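In our numbering, the protein residues as written are 344 to 510. Even for Gly, the Cβ is constructed at its ideal location relative to N, Cα and C. Computed from a predicted structure; not experimentally measured. Comments concern the structure below.
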């Protein structure tokens with residue numbers, strides 16, 4: 344992780360009065376990064392000092408950075424076309440150490456006309472496609488937006504391409 348990722352998402356500050364609201368916000372901000380499997384926030388009272396204080400310990404367990412998916416389906420349409428389809432995708436959930444998500448998905452379908460019709464086409468339908476997206480767990484915006492509001496927003500860039508043949 345980059346050094347500033349954790350401090351940007353922790354709402355506790357030294358000398359500030361402990362509040363459950365800050366604890367909930369911290370847990371929400373850290374979980375919205377999508378890179379942790381478990382987040383444990385523990386408040387421990389320190390009575391050894393002259394003035395009793397409350398220390399907050401945050402433990403985060405990394406989730407697996409890579410995720411893959413595979414999907415197979417069959418479609419049947421009202422225009423008498425029937426056929427299989429498949430998609431394969433991979434996602435990297437911590438691309439540059441800041442919680443960025445890169446997703447690449449390939450998909451394809453093939454359909455042929457069924458039924459008894461004199462106007463039946465000799466050509467079959469197919470579709471091939473690729474979809475890529477890059478998501479940042481902060482809003483890429485001008486500097487007049489306050490820093491604390493950037494952590495709950497995502498910026499997503501997406502590029503899709505499809506090759507389609509429909510007779």
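Remark: fewer than three beta-carbon pairs, one from each stretch, lie closer than 8 Å, so the segment 383–393 and the segment 409–426 are not flagged as touching.
Shortest Cα-Cα distance from residue 469 to any of 480, 428, 439 and 477 involves 428. 9 Å or more divides the Cβ of residue 445 from the Cβ of residue 430.
In the displayed model, residue 350 falls within a helix according to three-state DSSP.
Counted as a single uninterrupted DSSP element, the alpha helix (DSSP H) harbouring residue 367 occupies residues 363–375. In summary, residue 345 is exposed, with fewer than 16 beta-carbon neighbours lying within 10 Å of its beta-carbon over all protein chains present. Residue 355 is positioned such that its CB atom lies closer than 9 Å to that of residue 369. CA-CA distance, residue 504 to residue 473, rounds to 5 Å.
Looking from the CA of residue 417, the closest CA among 426, 357 and 381 belongs to 426.
The shortest C-alpha to C-alpha distance from residue 398 to any of 481, 443 and 359 is the one to 359. Residue 364 sits exposed, since fewer than 16 C-beta atoms from the chains shown fall within 10 Å of its C-beta. Each of 477, 374, 383 and 375 was checked against the Cα of residue 438, and the nearest Cα belongs to 477. According to the DSSP assignment, residue 393 belongs to no beta strand (DSSP E), since it is labelled neither H nor E. The C-alpha of residue 501 is placed about 13 Å away from the C-alpha of residue 434.
Cα atoms of residue 403 and residue 373: separation of roughly 9 Å, rounded to the nearest angstrom.
Taking residue 479 as reference, the option from 371, 385, 436 and 383 with the minimal CA-CA separation is 436.
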